[in-house]
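**Student:** Numbering (UniProt numbering), first residue to last: 1 to 495.
Built from N, CA and C at the ideal position, the CB exists for glycine as well.
Small disclaimer: the values here were computed from a predicted structure and weren't measured.
1) Over the uninterrupted alpha helix (DSSP H) stretch that includes residue 121, give me the two end residues.
2) Sort 204, 143 and 9 by Cα distance to residue 239 and report the nearest one.
3) Is the region 1 to 18 touching the region 48 to 63 in the sense that three or more CB pairs, one from each, lie closer than 8 Å?
4) Would a C-beta distance cut-off of 8 Å place residue 361 and residue 455 closer than the cut-off?
5) If you run the structure through DSSP and keep just helix, strand and coil, what is residue 480?
6) When the Cα atoms are used, what is the spatial distance from residue 135 to residue 158?
7) Can you tell me whether residue 343 is buried or exposed? The criterion is at least 16 other CB atoms within 10 Å of its CB, across all chains shown.
8) Between the region 415 to 428 and the region 379 to 395, do three or more beta carbon pairs fall short of 8 Å?
9) Should residue 446 be listed as close to the ligand FMN, given that the test is whether its C-beta is under 7 Å from any heavy atom?
10) Where in the region 43 to 72 do unbroken runs of the alpha helix (DSSP H), each at least 4 residues long, occur, reported from the N-terminal end onward?
11) If you count every other CB in all the chains shown that lies within 10 Å of the CB of residue 333, and 16 or more means buried, which is it?
12) So, at 6 Å on beta carbons, what are the nonlocal neighbours of residue 237 in its own chain, with the 5 sequence-adjacent residues on each side left out?
13) What residues in its chain sit with their C-beta under 6 Å from that of residue 441, if we drop five residues either side in the sequence?
14) In whole angstroms, what separates the C-alpha of residue 462 from that of residue 53?
15) Under the DSSP definition of a beta bridge, which residues are partnered with residue 362?
16) So, for residue 261: in the same chain, excluding its five sequence neighbours on each side, which residues have a beta-carbon less than 6 Å away from its beta-carbon?
17) Roughly how many angstroms separate the alpha carbons of residue 324 and residue 289, rounded to a whole number?
18) On the three-state DSSP scale, how would you describe residue 461?
19) Could you compute how far the alpha carbon of residue 282 sits from the alpha carbon of residue 219?
20) Please state if the CB of residue 50 and the CB of residue 508 are separated by a distance shorter than 8 Å.
21) Among residues of its own chain, excluding the 5 on either side of residue 453, which ones have a beta-carbon nearer than 6 Å to its beta-carbon?
22) Buried or exposed: which applies to residue 3, given that a residue is buried once 16 or more other Cβ atoms fall within 10 Å of its Cβ?
23) Assuming residue 338 is part of the beta strand (DSSP E), what are its boundary residues?
24) Leaving out five residues before and five after residue 252 in sequence, what residues of the same chain have Cβ atoms less than 8 Å from its Cβ?
25) Quick check on DSSP: helix, strand or coil for residue 346?
26) Near residue 357, what residues of its chain come up, given a Cβ to Cβ distance below 6 Å and the 5 sequence neighbours on each side ignored?
27) When you compare each of 335, 354, 429 and 444 to residue 367 by their alpha carbons, which one comes out closest?
28) Would DSSP call residue 413 helix, strand or coil?
29) Taking only the alpha-carbon atoms, compute the straight-line gap between residue 472 and residue 99 and give it to the nearest angstrom.
30) State buried or exposed for residue 7, treating a residue as buried only when at least 16 other CB atoms are found within 10 Å of its CB.
31) Tell me, which residues are paired with residue 34 by DSSP?
32) Could you compute how far the alpha carbon of residue 25 sits from the alpha carbon of residue 71?
33) Going by DSSP, what residue range makes up the beta strand (DSSP E) through residue 82?
34) Measure the Cβ-Cβ separation of residue 255 and residue 232 and say whether it is below 8 Å.
35) Is the beta carbon of residue 45 closer than 8 Å to that of residue 88?
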């Protein structure tokens, strides 16, 4: 017979949390001056929490033989961490006095710290004890369940409601804010009973229709995070749905903000402007360029594909001059150098200091020893005063073809956009999720690494340098021989 004395064990370990004797880890939670340091023990953290096991392996002892950790996710408050650390030490958790919103924040925080057992328990508790609150917060929580991994219990709870009462969901005022993969999951349910309205133009994707529905219901539209190609697809979709005001607005936006892209796509878009009605604004934009710079059009490799009415319109222009005209033959962008390691310094904090509030930057670096050329693009502004994850749908990372790499690799952010960029000047961390992590002094510390990522699904280093688990081996860390940061600007030679 085996006797188990778990209650006493739990109590003794919890008492150890309150006794800081022989502690060797200090965890800082919160922003100064309201931050709090938790003095804890590495052997308990490593045995109970995969996140801290990985973090402690990466962190050296300071002169006082203490490992000092900071939690990058600033959403983990002191209140939440107090609950979590008691669970880690004693395996106990009390939720009776916590609001449902706080419990859900605990789910997210526990998931960030890879406490799978606690994540499962908290979800089950919410479903069993907070069902009314979950229904009230449908759009917000359901959307999060598709953006954050391991929330299957909450997601299944909502899917069951949707199958039984679909109209309560589709008639929700926040329905249009759901991500595309959530909408697809809803519509694929076998037992979903709905009156179906089909749209004949199958080129109108869920992503496009999401934007259009927001415009129809709320009269609002946000284009900052959309690529120019997506905005043009929106023009065509809106025109199909006879939304003339939106069609006009989108064309004007493209002309004012995507002129370089329109020039690059001349033959394709100009041809479409003659095949689809109501695209006069884009057509006039091209006709103005043709009048001022005709050779750029006639020398285009796709010039022959233009429809007859477009060619006639070009040749009839009174002010058409067919002399040689200067033109940017290849690259519609220019690169402004902001930072160079050998000139400005190799600490990650240097990048934040110089690039503070600067958007559309690309980082290019050469790996010490291997000669690999790696980098990443951030469309958003770096912030020297905040430590936060940034939602960046247009970000990407890359590696360029070298002697050690047969082909160049481009890896775009495809999911979990909330984690695409990690802006953390406090810890000298600059992350493109886990796919490319730049840490500390890039030249002297050898703490940078690449790991499997849920955001950027294509790795940019070869398999022997990519970590497949939470522990990074010595061979997978790298330092940087040189790096540069550029601001990307559209060329404005053609006006």
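**Tutor:** Concretely, from the data shown:
1) 116 to 129
2) 204
3) no
4) no
5) strand
6) 8 Å
7) exposed
8) yes
9) The model depicted lacks the ligand FMN and carries no ligand whatsoever.
10) 50 to 58
11) exposed
12) 204 and 208
13) 346 and 347
14) 25 Å
15) 377 and 486
16) 228
17) Bear in mind that a pLDDT of 41 at residue 324, under 50, signals an unreliable position, so the model cannot answer this.
18) coil
19) 23 Å
20) Summary: the structure shown does not reach residue 508, with the chain confined to residues 1 through 495, and so no result is reported for it.
21) 433, 434 and 435
22) exposed
23) 333 to 340
24) 281
25) coil
26) 381
27) 444
28) strand
29) 38 Å
30) exposed
31) Bridge partners of residue 34: none, in fact.
32) 13 Å
33) Element bounds for residue 82: not the beta strand (DSSP E) but the alpha helix (DSSP H), 78 to 90.
34) no
35) yes
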